[in-house]
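To start, the structure itself, in structure tokens.
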Amino acid sequence: MQTSVHVFWLCFVPMFAAMNPISIVPTFNALTDGLPAEKVRRVILQSLITATAVAFAFLIAGRALFRMLGVSVADFMVAGGALLFVISLRGLLGSERYGELSSDDSLGAVPIGMPLIVGPATLTTSILLLDQHGALPTALAMISNLGLTAVTLFGASRIQRVLGRSGSKALAKIAELLLAAIAVMIVRRGIAQFLAVPSP
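Every number in this note's numbering is 10 more than the matching position in the sequence shown, counting from 1.
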């Protein structure tokens, strides 16, 4: 029988790999370069509020939407796992994970809050974890990772000075590799469910 602490870590690690806070540091520093300290703090708070709102809205409404569309857990595991694998592969190969940048006024909301902090990988992972482990450990893992991301953003300049740009990228690549492995596991479990349960 799995303990609650064990279940929490089963949710925390995939969520950490999906959110990948270290990978945000170089982009965040580039986006906020030249902004006064007070403005940077406002950007961080705006990004965290946006990320939290989007993450929990998707967590609450996502399953209901899938039921309405007739999408099964196995369907989403295969599709979501494949999406996570593509996202992680793009990161490993050095492709940009994020799109065009916005103005200073909405910088915290887009692109930092969404999709830098909470993007397709995080949203997909949250729904998969919700189905596998339940609402409470998934929500706690989400909150913990958002808290860790907040600490990372407030210390982004110091982190990049300590690790250097290459060090930050190396840690981000390790997280991308972990996410790829988790994606393969999710697809494998989804296919196993397809084989175990007859199609209607």
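C-beta atoms are modelled at their ideal positions from N, C-alpha and C, and glycine is treated no differently.
The structure presented is a predicted model; accordingly, all values stated were derived computationally and were not measured.
7 Å CB neighbourhood of residue i in its chain, flanking five on each side removed
i    : result
T60  : G118, A119, G123 and M124
T62  : L156
M29  : I127, T132, N155 and T159
T134 : G90, L93 and L94
Buried or exposed (CB count within 10 angstroms, at least 16 for buried), residue i
i    : result
G174 : exposed
A185 : buried
P285 : The first residue shown for the chain is 11 and the last is 210, placing residue 285 beyond what the model contains.
M78  : exposed
T42  : buried
T13  : exposed
M25  : buried
S176 : exposed
G80  : exposed
G101 : buried
M163 : The sequence shown places Leu at residue 163, not Met. The residue is buried, with at least 16 neighbouring Cβ atoms inside 10 Å.
Cβ pair residue i, residue j closer than 7 Å
i    : j    : result
A27  : L188 : yes
V197 : G91  : yes
F22  : A151 : yes
A193 : F76  : no
L138 : T148 : no
I169 : V64  : no
Residue i versus residue j - alpha carbon distance
i    : j    : result
L69  : I32  : 23 Å
E48  : P130 : 30 Å
A55  : F204 : Going by the sequence as given, residue 55 is Leu instead of Ala. Approximately 43 Å between the Cα atoms of the pair.
V15  : G165 : 28 Å
D85  : L99  : 21 Å
G144 : M87  : 15 Å
S116 : S167 : 21 Å
V53  : V83  : 36 Å
R171 : S178 : 10 Å
A190 : I201 : 17 Å
Nonlocal neighbours in the same chain, by C-beta distance under 6 Å from residue i, ignoring five residues either side
i   : result
L58 : A160
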